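What follows is one structure encoded as structure tokens, with my remarks underneath.
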Amino acid sequence: MSLFKPTWLVQAVYGLTAARLKEQGIRAVFCDLDNTLLAWNDPDGSAELRDWLAAMHQADITVMVVSNNNAKRVGRALEKLDLPFVARAMKPLPVGINKAVHYLGLTKRECVMVGDQLLTDVAAGNLAGVRTILVQPLIESDAWNTSINRFLEKFVFMTLGGKKHLHYSEDLNGK
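Throughout the sequence shown, residue numbering follows my numbering, covering 8 to 182 in sequence.
Dropping the structure here:
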């Protein structure tokens, strides 16, 4: 079960501050796309997202999308955000994360994978040897192909300790 255990649980990607990331030596944040960075059904994103991305850019922390979606879908979703990405990442395999680490020329210790799914994002990050952050999905509904993962994920989450032992924090320091 350690494959599915995230390093941190944070309510939303926007709760990650540049100061806390830098304290951890993190120079790159790899983000899942759907329901982590953007609601799966809202390609424009929010003002909160744009503010967070600006803060990361100002702090010289790279935000890079690592998604299982195809390049056309990811490119269209990120068109206005101008973010680098790896499409067809093959999560839960570590392939896409390893490509992203190599592309940026960083060490794995300098990178973190953020996503809303234990079975894909967290597992891929752990297999790749980067630290992982599980966030709550931005919205409760999912694309149809994610429904099966969500069903199975409930059992994995309970096995890891459930709500009794796993608490989402506002930031990396548990506040």
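Even for Gly, the Cβ is constructed at its ideal location relative to N, Cα and C. Note that the structure is predicted; figures quoted are calculated from it, not measured.
message: Please classify residue 182 as buried or exposed, where buried requires at least 16 other C-beta atoms within 10 Å of its C-beta.
response: Against the sequence shown, residue 182 aligns to sequence position 175. For residue 182, the pLDDT reaches just 46, beneath the cut-off of 50, and the residue's location in the model is therefore unreliable, leaving the point undetermined.
Unbroken stretches of the alpha helix (DSSP H), 4 residues or longer, contained in the stretch 62-110: Runs of the alpha helix (DSSP H) inside the stretch 62-110: 78-85.
message: By DSSP's criteria, residue 4 is part of a beta bridge. Which residues make up the other side?
response: Absent from the structure is residue 4, since the part of the chain shown begins at 8 and ends at 182.
message: Quick check on the DSSP output: the alpha helix (DSSP H) that includes residue 28 runs from which residue to which?
response: As a first step, residue 28 must be located in the sequence shown, where it is residue number 21. It spans 25-30 - the alpha helix (DSSP H) in which residue 28 sits, taken as one unbroken run.
- request: Starting from residue 16, trace the beta strand (DSSP E) both ways and give me its first and last residue.
  value: Looking up residue 16 in the sequence shown gives position 9. Taken as a continuous stretch (DSSP letters only), the beta strand (DSSP E) holding residue 16 covers 15-17.
message: Nearest by alpha-carbon distance to residue 77: which of 64, 144, 95 is it?
response: The residue given as residue 77 occupies position 70 in the sequence shown. Of all alpha-carbon atoms in 64, 144, 95, the one lying nearest the alpha-carbon of residue 77 is that of 95.
query: Going straight from the alpha carbon of residue 133 to that of residue 108, what length do you get?
result: For the purposes of this step, residue 133 is taken as residue 126 along the sequence shown, with counting starting at 1. For the purposes of this step, residue 108 is taken as residue 101 along the sequence shown, with counting starting at 1. A direct Cα-Cα distance of roughly 14 Å separates residue 133 from residue 108.
message: I'd like the span of the beta strand (DSSP E) that includes residue 35, first residue to last.
response: Walking along the sequence shown from the start, residue 35 turns up at place 28. Element bounds for residue 35: 35-38.
field: For residue 41, the three-state DSSP class (helix, strand or coil)
entry: The residue you call residue 41 lines up with position 34 of the sequence shown. Reduced to three states, the DSSP call for residue 41 is strand.
- prompt: Considering residue 131, what are the terminal residues of the alpha helix (DSSP H) in which it resides?
  reply: Position 124 of the sequence shown holds residue 131. Looking at the DSSP string, the run of the alpha helix (DSSP H) that includes residue 131 is 130-135.
- prompt: With distances taken between CB atoms, is the gap from residue 7 to residue 178 smaller than 9 Å?
  reply: In the structure displayed, the chain extends from 8 to 182; residue 7 sits before or after that span and is not available.
- prompt: Ordered along the chain, which non-local residues of its own chain (more than five positions away) have a Cβ less than 8 Å from that of residue 87?
  reply: Within the sequence shown, residue 87 is the residue found at index 80, counting from 1. Cβ contact annotation for residue 87 (same chain, cutoff 8 Å, sequence separation greater than five): 51, 52, in chain order.
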